[in-house]
Amino acid sequence: MLKVVEIDHLTIEYPDVKAIDDVSFTVNQGDFLGIIGPNGAGKSTLFASMLNLNTKYNGTIKFFGTDIRKSKNYLKEIGYVPQKPIFEKNFPATVNDVVKMGLQKESDENKVDEILQQLWIHELSERRIGELSGGQQQRVFIAKALVNNPKVLILDEPVTGIDQQSIDLFYSILKELNSKQNITIIWSSHDLDAVNKLANHVACLNRTLFFHGESDDFFENDELVKQYSEASMQEHMHHH
Amino acid sequence: MAFEIFTFSFMHRAIISGIAIAILCSVVGLFLVLRRYSLFGDAIAHSSFGGIALGLMAGIYPLWTAYGVSIISALIMTRIKDRFNISGDASIAVLLSSGIALGLVIIGLSGGFTLDIFSFLFGSILLVSVNDTILILSLTGIILIVILLLYRQLLYSTFNEEQAKVSGIPVEKINYLIVFMAGITVVTSIQLVGVLLISALFVIPNVTAIMYGKGFKQTVIISMSFSIFSVVAGILVSYIFDITPAGTIVLIAIGIFGCTIGIKSAGLLSRHN
């Protein structure tokens, strides 16, 4: 099976703390990997390194068999949806403008309409991005991530502050992208139930990786789930 | 009498140059405004004051030294800002005051203010020569072509730097390119509105247009239209009433901005506005 991502002995150190400590795992083509872990577990830090936004790490990260320190070409094959996209609230860009930003070649403009239809936002295409609801904006950013036909979709807890109906729609879109279009999905989430329903692989991260494997092996192991929930809860209490 | 002014060749040059500068300032300025860098144009203009003084003292055409000093200092300041994590507004203050300070010292050394200095401080659009006009048109053409070629990269990195980086856009190089283009635009525009009022042309038509336009291209076109109208009307009105063109141009732009605020307050613009 084609290995999409290979992370080997990844360690990321900040001056006073190890954000990621000796993490290794592999993602195969077609995997739907849910990365779970409490706040501050290092999920966003891990993604930043995978996306070449942070280059100060030890260990290696490979995409499609090539070390990302050697070539940045892999970025063309990746669609990334950030936790909460930050932009000027009155930025004069329509939905159409935003999705087009993701387009590597201007000639693929038909693709924009296609993707807007697929995500049920074609009616919003001439609206300004800042006037949409959180759920609608999120779909626009997924559309932007998908417009280049990426092989991998990376999503960083992208349901924060969004209504339940939009979340359900979002989950069904992800499921379809993975099962029908065979897009590899790497998705960090707080939502254990959703991970159980959607992902076929699970990675539990809390600075170190304390589980990585098939989703069923995780969710059928009560001890592991309990351990995770407790760890998560403690972190949660700690944060409040 | 009113139509007579269209027969003067200096008026043709002033209007043609003015329109080119209006277009240039609104396009380059929109990127600066959206990056929360509105006062950057002002800072470059003030640093160009040092360059103008240097040129006058050395007997070189002052705009050449102004281009050199303002572009180099803007690029250096951007580098320092990124490297040492200085905030945008503080770096603008440093750039702005160092240019003026340099200019004042050089003027002092070379025997005090002259008429030339005033024409650069307040603009002298009715005095542009044929060569000036050709230079203004060429620079406007070159910058517009660069913007068209790199449209997606410029827009994307302005919208969200991090995501642009992930999409493989060389965000840092694009940032320097914007600073470089802003430098050229500011010095080119000095002849129209002078050092002191440059940022008005960068900012006012754009903040006005953002209230009307939905998409980016639409906003650019609206901003250009307001800008061109202000400049042409400003030149004509100032000539007829014998007042300063720079001040008139900026006041007309502010008038359009004020009307827009009025329309918006009356609820006549749609919700996103």
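These protein sequence lines map, in sequence, to chains U and X. In our numbering, each residue carries its 1-based index in the first sequence increased by 5. In our numbering, each residue carries its 1-based index in the second sequence increased by 507. Backbone N, C-alpha and C define an ideal beta-carbon position, used for all residues, glycine too.
Starting from residue i, follow its DSSP beta bridges and name the residues at the other end.
i                  : result
Leu-160 of chain U : U:Val-86, U:Trp-192
Thr-65 of chain U  : U:Asp-13
Ile-614 of chain X : Partner(s): none; Ile-614 of chain X has no beta bridge.
Ala-208 of chain U : U:Ile-40, U:His-217
Val-28 of chain U  : U:Leu-15
Leu-72 of chain U  : Checking the sequence shown, residue 72 of chain U turns out to be Asp, not Leu. For Asp-72 of chain U, which the question treats as bridged, DSSP gives the partners U:Lys-67.
Arg-133 of chain U : U:Thr-99
Asn-33 of chain U  : U:Lys-8
Val-535 of chain X : Per DSSP, none; premise fails for Val-535 of chain X.
Lys-23 of chain U  : U:Glu-18
What residue range does the alpha helix (DSSP H) around residue i cover?
i                  : result
Asn-153 of chain U : Counting along the chain, Asn-153 of chain U falls outside any alpha helix (DSSP H), and DSSP gives it neither H nor E.
Phe-723 of chain X : 723–748
Asp-549 of chain X : 547–565
Asp-102 of chain U : 100–106
Ala-46 of chain U  : First-last for Ala-46 of chain U: undefined, no H or E at that position.
Tyr-568 of chain X : Taken as a continuous stretch (DSSP letters only), Tyr-568 of chain X belongs to no alpha helix (DSSP H), as it is neither H nor E.
Trp-119 of chain U : Before going on, a small fix: residue 119 of chain U reads as Glu here, not Trp. Run containing Glu-119 of chain U: 114–123, per the alpha helix (DSSP H) assignment.
Ser-138 of chain U : It is not in any alpha helix (DSSP H) - Ser-138 of chain U carries neither H nor E in the DSSP assignment.
Phe-709 of chain X : 705–719
Ser-177 of chain U : 169–186
Ser-696 of chain X : 678–700
Asn-201 of chain U : 197–203
On the CB-based measure, 16 or more other CB atoms within 10 Å of its CB, does residue i come out buried or exposed?
i                  : result
Phe-510 of chain X : exposed
His-245 of chain U : Legend: pLDDT at His-245 of chain U = 42, less than 50; position of this residue unreliable, value from coordinates given subsequently. Classification of His-245 of chain U: exposed, given that the 10 Å Cβ count is below 16.
Lys-48 of chain U  : buried
Thr-767 of chain X : buried
Thr-621 of chain X : exposed
Gly-566 of chain X : exposed
Phe-2 of chain U   : The structure shown does not extend to residue 2 of chain U, since chain U spans only 6 to 245, so no value can be given for it.
Arg-212 of chain U : buried
His-241 of chain U : Note that His-241 of chain U scores 49 on pLDDT, short of 50, meaning its location in the model is unreliable and no value can be drawn from it.
Tyr-544 of chain X : buried
Lys-110 of chain U : exposed
Met-6 of chain U   : exposed
Arg-520 of chain X : buried
Ile-691 of chain X : buried
Ser-54 of chain U  : buried
List the residues of chain U that residue i touches, going by C-beta distances under 7 angstroms, in chain order.
i                  : result
Tyr-663 of chain X : Met-106
Thr-647 of chain X : The premise fails here: Thr-647 of chain X is roughly 22 angstroms from chain U at the closest Cβ pair, so nothing lies under 7 angstroms.
Thr-726 of chain X : Pro-97
Gly-690 of chain X : In chain order: nothing, as chain U lies at least about 23 angstroms away.
Ile-717 of chain X : Asn-95, Pro-97
Starting from residue i, trace the beta strand (DSSP E) both ways and give me its first and last residue.
i                  : result
Gly-774 of chain X : Here Gly-774 of chain X belongs to no beta strand (DSSP E), and DSSP marks it neither H nor E.
Leu-644 of chain X : It is not in any beta strand (DSSP E) - Leu-644 of chain X instead sits in the alpha helix (DSSP H) that spans 637–656.
Glu-219 of chain U : 213–219
Using a Cβ cut-off of 7 angstroms, pull out every chain X residue sitting near residue i, in sequence order please.
i                  : result
Ala-98 of chain U  : Phe-666, Gly-722, Phe-723
Asp-93 of chain U  : Note on identity: in this sequence residue 93 of chain U is Glu, with Asp being the wrong assignment. Near Glu-93 of chain U (Cβ distances below 7 angstroms), the residues of chain X are Leu-541.
Glu-219 of chain U : Neighbours of Glu-219 of chain U on chain X: none; closest Cβ ~29 angstroms, over 7 angstroms.
Pro-163 of chain U : Near Pro-163 of chain U there are no residues of chain X at all, since even the closest Cβ is about 13 angstroms away, more than 7 angstroms.
For a contact defined as C-beta to C-beta under 9 angstroms, what are the partners of residue i on chain U?
i                  : result
Lys-672 of chain X : Leu-56, Asn-57, Leu-58, Leu-80
Arg-590 of chain X : By Cβ distance, chain U contributes nothing, its closest Cβ being about 16 angstroms from Arg-590 of chain X, past 9 angstroms.
Could you work out which residues of chain U lie near residue i, taking near to mean beta carbons separated by less than 8 angstroms?
i                  : result
Ile-652 of chain X : In chain order: nothing, as chain U lies at least about 16 angstroms away.
Arg-659 of chain X : Lys-105, Met-106, Leu-108, Glu-111
Note down, in chain order, every chain X residue with its Cβ under 9 angstroms from the Cβ of residue i.
i                  : result
Asn-101 of chain U : Gly-722
Tyr-62 of chain U  : Under the 9 angstroms cutoff, chain X gives no residues; its nearest Cβ is about 16 angstroms from Tyr-62 of chain U.
Lys-77 of chain U  : Gly-675
Would you check whether the ligand ATP has a heavy atom nearer than 7 angstroms to the C-beta of residue i?
i                  : result
Asn-592 of chain X : Although the ligand ATP was asked about, the structure shown includes no ligands whatsoever.
The segment 644–660 of chain X / the segment 558–569 of chain X touching (three or more Cβ pairs under 8 angstroms): no
Three-pair Cβ contact test at 8 angstroms for the segment 220–230 of chain U versus the segment 113–126 of chain U: no
Cβ pair count under 8 angstroms reaching 3, the segment 691–699 of chain X against the segment 520–530 of chain X: yes
contact_flag[the segment 709–717 of chain X, the segment 756–776 of chain X] where n(CB pairs < 8 angstroms) is 3 or more: yes
Segment contact flag, the segment 80–98 of chain U with the segment 154–170 of chain U, C-beta cutoff 8 angstroms, min 3 pairs: yes
Three CB pairs or more closer than 8 angstroms across the segment 39–47 of chain U and the segment 70–80 of chain U: no
Cβ contact (3+ pairs, closer than 8 angstroms) linking the segment 722–737 of chain X and the segment 680–690 of chain X: no
Given 8 angstroms, three or more beta-carbon pairs between the segment 12–27 of chain U and the segment 167–174 of chain U: no
Meets three-Cβ-pair contact criterion under 8 angstroms: the segment 201–208 of chain U and the segment 34–42 of chain U: yes
Stretch-stretch touch, CB-based, cutoff 8 angstroms, three pairs: the segment 123–137 of chain U with the segment 747–755 of chain X: no
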